[in-house]
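K.L.:
For any residue, its number in the numbering used here is found by taking its place in the sequence shown, counting from 1, and adding 36. Cβ atoms here follow ideal geometry from the backbone N, Cα and C, with glycine treated the same way.
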Amino acid sequence: MKRALFFFINIFFLGSCSNSYVTFSGESKNRTGQYKGYVILRNDTVFFVGDKTFETKVELQNYMEQQMNKEHPSDTVLSFKDKNAYDQLKTGDKINVWSSQILESYPAKMIVEKFEIVEKIEKR
């Protein structure tokens, strides 16, 4: 009986000292898909705001102006395979992006395969 108890305790400790890690499917490092959001341009960087909705254009413009003063206006930076994309976008444009990969960093870097402008922002 003591040997069986000793055996099971040893198996328990050996199993808990394992070096393997469990990753959950929701924590994939290579997330792909389609995302909708807004663009903030600063210098040569395109920031992506994908988690906000705005009722009016004034609300959108006020939010964009607030974010422009921050070090990182959003949690995601877009990296386009098409270098002409930078010339087509303006701060406040609503876009759809198709991503092949999101790299872990801060801010996260989203590799954009394709994009379409859903709504262009009008100048005041």
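Just tell me which of L114, L77, Y71 and F90 has its CA closest to the CA of N105.
P.N.:
Nearest option by C-alpha distance: L77.
K.L.:
For E152, which option in K38, D129 and A144 has the closest C-alpha, if you only look at C-alpha atoms?
P.N.:
Among K38, D129 and A144, the Cα nearest to that of E152 belongs to D129.
K.L.:
Using DSSP with H/G/I as helix, E/B as strand and the rest coil, what is N105?
P.N.:
N105: coil per DSSP, three-state reduction.
K.L.:
Thinking just about the alpha-carbon of each residue, which of K117, Q124, F43 and I47 is nearest to the one in E155?
P.N.:
Looking at the Cα atoms, Q124 is the closest of the given residues.
K.L.:
For L96, name the three-state secondary structure that DSSP assigns.
P.N.:
Helix at L96.
K.L.:
Within a Cβ cutoff of 6 angstroms, which residues of the same chain sit near L139, ignoring the five residues on either side of it in sequence?
P.N.:
Contacts found: K145.
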